[in-house]
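One structure is given below, encoded as structure tokens.
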Amino acid sequence: MPSARLARLTPYVYILPAVLVMLAGLVYPILSAVRLGFYDWPLGTDFDSARFVGFQAFAEMLASTQVWTSMGITVAFVLIAVSAELVLGIALALFLEKPVRGMRFFRTVFVLPMMVAPICVGLIWRYLFDANFGPINHLSAWLGLSPQAWLADPVLAFSAMVITDIWQWTPFVLIMVLAGLQGLDESVIEAARIDGASAWQQIVRVKLPILKPILIVTLLARMIDGFRGLEVIYVMTFGGPGLSTELFSLHIFKAAFISQKLGYSSALSILLLVIVSALSLAILLISNPLKAKARR
Numbered sequence: 114m115p116s117a118r119l120a121r122l123t124p125y126v127y128i129l130p131a132v133l134v135m136l137a138g139l140v141y142p143i144l145s146a147v148r149l150g151f152y153d154w155p156l157g158t159d160f161d162s163a164r165f166v167g168f169q170a171f172a173e174m175l176a177s178t179q180v181w182t183s184m185g186i187t188v189a190f191v192l193i194a195v196s197a198e199l200v201l202g203i204a205l206a207l208f209l210e211k212p213v214r215g216m217r218f219f220r221t222v223f224v225l226p227m228m229v230a231p232i233c234v235g236l237i238w239r240y241l242f243d244a245n246f247g248p249i250n251h252l253s254a255w256l257g258l259s260p261q262a263w264l265a266d267p268v269l270a271f272s273a274m275v276i277t278d279i280w281q282w283t284p285f286v287l288i289m290v291l292a293g294l295q296g297l298d299e300s301v302i303e304a305a306r307i308d309g310a311s312a313w314q315q316i317v318r319v320k321l322p323i324l325k326p327i328l329i330v331t332l333l334a335r336m337i338d339g340f341r342g343l344e345v346i347y348v349m350t351f352g353g354p355g356l357s358t359e360l361f362s363l364h365i366f367k368a369a370f371i372s373q374k375l376g377y378s379s380a381l382s383i384l385l386l387v388i389v390s391a392l393s394l395a396i397l398l399i400s401n402p403l404k405a406k407a408r409r
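So for the sequence shown, my numbering puts the first residue at 114; every next one is plus one.
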């Protein structure tokens with residue numbers, strides 16, 4: 114009897130180190146952030162001097178129009194950028210799946226943007242979109258179009274932010290989808306071809322449904338990364354002009370290191386965590402309706 118009980122406990126013993134690491138690296142920081150949200154703790158002071166303010170930071174956060182404006186900008190940015198990245202990434206993966214000449218060269222070129230450090234990405238695109246000497250305006254002038262103040266106009270600055278993110282992270286979608294396509298069972302594709310399915314029908318009715326788990330994981334990864342994006346937009350516009358490109362992560366950064374309100378920034382971080390977790394759960398439930406009904 115003791116040996117049987119020990120055998121049942123053995124798997125849990127093996128995963129115990131991973132659970133402890135997760136608790137130390139995930140649960141403890143979240144609980145610390147929640148605790149900090151109840152204190153007024155100016156940056157640069159000892160925590161012993163922090164003043165307990167209860168739900169004041171959370172109430173201030175929920176009543177702030179700037180918070181919800183920043184969140185709206187972030188949601189719009191993630192929705193537009195991630196949707197475009199999924200479409201372009203899937204299209205490129207389907208193109209590169211075929212044995213074409215120079216395949217290795219194309220794959221290397223398409224993946225390079227993802228390898229560039231975010232700070233460098235921001236500097237590169239800030240230069241490209243510069244109103245005075247940026248190559249994009251020079252190209253526009255060569256085509257007979259009037260130059261634009263890309264980073265000084267709210268709509269154009271938001272568009273520039275989206276374009277930059279698409280350029281940098283479409284390769285991530287490409288890699289994920291291409292790996293899934295290369296792992297498909299050729300017999301399934303061949304069976305669809307024998308049944309008379311066209312190339313488009315093979316993609317829509319065979320390949321994409323099989324790749325659905327990979328697409329969901331890719332969507333979640335990009336969505337979460339989009340909500341926490343900071344470095345590129347910090348370098349490009351620092352949230353300007355006005356608040357047109359102030360992503361929520363940048364708003365949190367400003368609250369912590371410019372306004373020096375660590376407790377308030379922790380409350381903002383908790384709000385971001387709740388929203389991203391809720392969206393992720395909703396995507397998982399919607400993408401798996403049968404399991405959702407079984408849970409109910």
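For every residue, glycine included, the Cβ atom is placed at its ideal position computed from N, Cα and C.
May I ask you to list the residues that DSSP assigns as paired with residue i?
| i | result |
| --- | --- |
| residue 127 | DSSP, once it has assigned bridges, lists no residue as partnering residue 127. |
| residue 347 | For residue 347, which the question treats as bridged, DSSP gives no partner whatsoever. |
| residue 322 | None, per the DSSP bridge assignment. |
| residue 152 | 165 |
| residue 374 | 155 |
According to the Cβ coordinates, are residue i and residue j closer than 8 Å?
| i | j | result |
| --- | --- | --- |
| residue 316 | residue 293 | no |
| residue 171 | residue 185 | no |
| residue 180 | residue 381 | yes |
| residue 231 | residue 344 | yes |
| residue 340 | residue 187 | yes |
| residue 209 | residue 219 | yes |
| residue 333 | residue 206 | no |
| residue 347 | residue 247 | no |
| residue 336 | residue 191 | yes |
| residue 378 | residue 368 | yes |
| residue 323 | residue 287 | no |
| residue 196 | residue 361 | no |
| residue 373 | residue 156 | yes |
Can you find the residues in the same chain that come closer than 7 Å, C-beta to C-beta, to residue i, ignoring five residues on each side of it along the sequence?
| i | result |
| --- | --- |
| residue 242 | 249, 263, 264, 273 |
| residue 302 | 315, 319 |
| residue 193 | 275 |
| residue 405 | Its pLDDT being 42, under 50, residue 405 is placed unreliably in this model, and the value from its coordinates should be taken loosely. So the qualifying residues of the chain are 398. |
| residue 321 | none |
| residue 175 | none |
| residue 384 | 174 |
| residue 254 | 260 |
| residue 167 | 151 |
State buried or exposed for residue i, treating a residue as buried only when at least 16 other CB atoms are found within 10 Å of its CB.
| i | result |
| --- | --- |
| residue 313 | exposed |
| residue 270 | buried |
| residue 162 | exposed |
| residue 154 | buried |
| residue 202 | buried |
| residue 216 | exposed |
| residue 129 | exposed |
| residue 127 | exposed |
| residue 238 | buried |
| residue 114 | Note that residue 114 scores 47 on pLDDT, short of 50, meaning its location in the model is unreliable and no value can be drawn from it. |
| residue 123 | exposed |
| residue 365 | buried |
| residue 375 | buried |
| residue 331 | buried |
| residue 409 | Any reading at residue 409 must be qualified, since the residue scores a pLDDT of 45, below 50, and its modelled position is unreliable; the value itself is stated next. Label assigned to residue 409: exposed. |
Please go through the same chain and pick out, in chain order, the residues whose beta-carbon is closer than 8 Å to the beta-carbon of residue i, but skip the five residues on each side of it.
| i | result |
| --- | --- |
| residue 351 | 363 |
| residue 400 | 325, 329 |
| residue 299 | none |
| residue 278 | 190, 194, 198, 339, 342, 345 |
| residue 393 | 333, 336, 337 |
| residue 306 | 315 |
| residue 295 | 210 |
At a cut-off of 7 Å, is residue i close to the ligand MG when judged by its beta-carbon and the heavy atoms of the ligand?
| i | result |
| --- | --- |
| residue 343 | The ligand content of the structure shown is nil, which means the ligand MG is not present either. |
- the stretch 215–228 / the stretch 282–289 touching (three or more Cβ pairs under 8 Å): Cβ pair count under 8 Å is three or more, so yes.
- Task: Report yes or no: do the stretch 132–146 and the stretch 345–358 share at least 3 C-beta pairs separated by less than 8 Å?
- Result: Too few Cβ pairs lie closer than 8 Å, so no.
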